[in-house]
Amino acid sequence: MTDAKPPTLLIVMGTSGSGKSTVGSSLSTYLNCPFVDGDDLHPASNVAKMSSGQPLNDTDREPWLLRIRRTGLELALTQKIPDGIKGSDGEMRKLAEVYETSTQTKDAHHTTTQTGDAEEVQGSKSKIAVIACSSLKLVYRRLLRGSISSLADPKAAEPEADATTPTDLRVVHVYLDLSRELLEKRMAGRKGHFMKLDMLYSQLDTLQVPDEEAEVGVVRVKVEEDTTEDEVVSRVMEGLRRKGVI
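Throughout the sequence shown, residue numbering follows UniProt numbering, covering 1 to 246 in sequence.
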């Protein structure tokens, strides 16, 4: 008898400084499943653009977000981490954080990205994977969920319903909710970054805070200054249980 539950992709989301990568990695340890930082999945064209100092627009982001969804499905089903994204030194993450802007375009396109051979990890039998991705806008989250086919999809402006969500992959966004003051403090304490607060303010202006009641597949976790990493993960796990994910 086969398991009726679809594979699940947990996307740990939030602005720069919210702890997406740290929490995502810890969450994958608790769940015994693979974790990938979404910034390591940018196509070469995005890497080249950001490296030259140009901000990404939605035409650039669309193939990246679609790749995150494909990779999430692959990770959840195989419990394997593709060779092409293992061992990141974090440089891609720094670039992506700096050039996360609110620029938009309706000229969206798709590209197909092939992953390399996979490295097997000690995985979970529950078909779960974790990816960190800022997912600042509702339309980005809808593309990641698969309820729209493109950022320019006319259905993106329509109310979302469970019926519109594909059954091949369940996507749950875990939103790390930090106050502006705490984010500012964290960003000010970062070393080796530039455009710190300007970058954060741009992201906060762009952020469309997910609503657990109105939006499909959202777990919102409040993080205070004295909240430990274990406490954050515990709150995430509690939210996932409420949603019937685990």
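Idealized CB from N, CA, C, for every residue including glycine.
- Should the segment 138-155 be regarded as contacting the segment 49-62, the criterion being three or more beta carbon pairs within less than 8 Å? With the cut-off at 8 Å, the segment 138-155 and the segment 49-62 touch.
- Item | Proximity to ILE68 [Cα-Cα], best of VAL218, HIS173 and MET199 | Position 68 of the sequence shown, counted from the first residue, corresponds to residue 68. The shortest C-alpha separation from ILE68 is found at HIS173.
- Task: Pull up the distance between the alpha-carbon of ALA188 and that of ALA4, whole angstroms please.
- Result: Along the sequence shown, one-based indexing puts residue 188 at 188. Along the sequence shown, one-based indexing puts residue 4 at 4. Each residue's Cα considered, the two are about 47 Å apart.
- Query: Taking one C-beta from the segment 31-38 and one from the segment 155-170 each time, how about it: are there three or more such pairs within less than 8 Å?
  - Reply: no
- MET50 to ARG70, Cα distance in whole Å? Here residue 50 refers to the residue found at position 50 of the sequence shown. Here residue 70 refers to the residue found at position 70 of the sequence shown. In a straight line, the C-alpha of MET50 is about 23 Å away from that of ARG70.
- Task: Mind the definition here: the segment 199-208 touches the segment 220-228 only if three or more C-beta pairs lie below 8 Å; say whether that holds.
- Result: no
- Could you check what DSSP says for residue 281 in three-state terms: helix, strand or coil? With the chain covering only 1 through 246, there is no way to say anything about residue 281.
- Task: Would you tell me roughly how many angstroms separate the C-alpha atoms of TYR166 and LEU73, rounded to the nearest one?
- Result: Here the question's residue 166 lines up with position 166 in the sequence shown. Here the question's residue 73 lines up with position 73 in the sequence shown. The sequence as given places Pro at residue 166; Tyr does not occur at that position. When rounded, the distance between both Cα atoms is 12 Å.
- Task: Write down the C-beta distance between CYS33 and GLN79 rounded to the nearest angstrom, noting that I regard them as a contact closer than 8 Å.
- Result: Counting from 1 along the sequence shown, the entry for residue 33 is found at position 33. Counting from 1 along the sequence shown, the entry for residue 79 is found at position 79. Taking a contact as a CB-CB distance under 8 Å, the pair CYS33 and GLN79 counts as one, their CB atoms being some 7 Å apart.
- So what does DSSP say about LEU182, is it helix, strand or coil? Residue numbering aside, residue 182 sits at position 182 when the sequence shown is read from its first letter. LEU182: helix per DSSP, three-state reduction.
- Message: By the three-class DSSP mapping on this structure, what secondary structure does LEU176 have?
- Response: In the sequence shown, residue 176 corresponds to position 176, counting from 1. Three-state result, LEU176: strand.
- Hey, would you say TYR175 sits closer than 8 Å to VAL221, going by beta carbons? In the sequence shown, the residue the question calls residue 175 occupies position 175. In the sequence shown, the residue the question calls residue 221 occupies position 221. Their beta carbons are under 8 Å apart, which means TYR175 touches VAL221 by this criterion.
- Between MET13 and SER135, what straight-line distance do the alpha-carbon atoms span, to the nearest angstrom? Start at 1 with the first residue of the sequence shown, and residue 13 comes out as number 13. Start at 1 with the first residue of the sequence shown, and residue 135 comes out as number 135. Spanning the two alpha carbons is a distance of roughly 6 Å.
- Task: Report yes if the CB atom of ARG141 is closer than 8 Å to the CB atom of PRO210, and no otherwise.
- Result: As a working note, residue 141 is residue 141 in the sequence shown. As a working note, residue 210 is residue 210 in the sequence shown. Yes, they are a contact pair.
- State the start and end residues of the unbroken alpha helix (DSSP H) segment that holds ALA48. For the purposes of this step, residue 48 is taken as the residue at position 48 of the sequence shown. Here the alpha helix (DSSP H) through ALA48 covers 44-51.
- May I ask you to report which of helix, strand or coil DSSP gives THR165? What you label residue 165 is simply residue 165 of the sequence shown in a count that begins at 1. Residue state, collapsed to three classes: coil.
- Message: Tell me which residue opens and which closes the alpha helix (DSSP H) that LYS20 is part of.
- Response: Sequence index remark: in the sequence shown, residue 20 carries index 20 (1-based). Element bounds for LYS20: 20-31.
- Message: Which of the three DSSP states is assigned to LYS80 in this structure?
- Response: Here the question's residue 80 lines up with position 80 in the sequence shown. Strand at LYS80.
- Message: Spatial neighbours of PRO6 within its chain, please: C-beta separation below 7 Å, excluding the five flanking residues on both sides.
- Response: Here residue 6 is taken as the residue at index 6 of the sequence shown, counted from 1. Contacts found: THR167, ASP168, LEU169 and ARG170.
- Query: Would you say ILE128 and LEU65 are within 8 Å of each other, going by their C-beta atoms?
  - Reply: Here the question's residue 128 lines up with position 128 in the sequence shown. Here the question's residue 65 lines up with position 65 in the sequence shown. For ILE128 and LEU65, no; Cβs fall outside 8 Å.
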